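For the sequence shown, my numbering gives the first residue as 11, with consecutive numbering after it.
Below is one structure, written out as structure tokens; comments come after it.
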Amino acid sequence: MVERQRVSSGAVWEPSVGYSRAVRVGPHVWVAGTTASAPEGSSDGVPVGGDDAHLQTVEALRRVVAALAEVGATAGDVVRTRMYVTDIATWPDVGRAHGEVFCDVRPVSTMLQVAALIDPRLLVEVEAEAYVADAADSQEPIG
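In structure tokens:
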């Protein structure tokens with residue numbers, strides 16, 4: 011039986027909503043919607059990157075890649091991303107940040123405009139799915 015690995019980011023929403031930052035089962039990895047929300051303990055609540063969509067996306071993607079690493083995956087294993095933006099006019103800035111991480115990987119990707127995210131100061135949220143090819147042949151539990 012293949013083990014389920016979970017990664018927690020420590021976000022205040024995880025326990026009340028009931029989700030994990032990332033889950034890996036066998037060769038498959040899913041990373042939940044990830045933002046540049048203010049770090050835990052931040053007194054002002056301002057997202058990393060302030061009101062700059064590019065910088066918020068850079069931070070969200072940094073967190074996505076960190077979650078992947080916690081379950082033994084890399085940005086190179088990503089096969090799909092989804093980007094949710096609150097203002098589609100920022101797509102070039104969001105897309106540029108995505109390209110900085112995935113230009114050689116070129117996963118399938120979707121960018122959508124949404125009415126709002128969980129905090130109105132957040133401008134972008136990124137999801138990722140990965141497939142770790144070398145784990146596909148293994149029947150051993152992960153961990």
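No residue lacks a Cβ here, since even glycine has one placed at the ideal position from N, Cα and C.
Given the structure is predicted, the values throughout are model-derived calculations rather than measurements.
- For serine 26, the uninterrupted alpha helix (DSSP H) segment begins and ends at 23 to 27.
- The DSSP assignment places complete alpha helix (DSSP H) segments of no fewer than 4 residues inside the stretch 23 to 79 at 23 to 27, in order along the chain.
- Arginine 14 and valine 33 have their C-alpha atoms some 7 angstroms from each other.
- With fewer than 16 other Cβ atoms from the protein chains shown falling within 10 Å of its own Cβ, aspartate 61 counts as exposed.
- DSSP places alanine 85 within a helical segment (H, G or I) once states are collapsed to three.
- Boundaries of the alpha helix (DSSP H) around arginine 106: 101 to 112.
- Of the residues assessed, arginine 116 falls on the exposed side of the cut-off, its CB having fewer than 16 other CB atoms within 10 angstroms.
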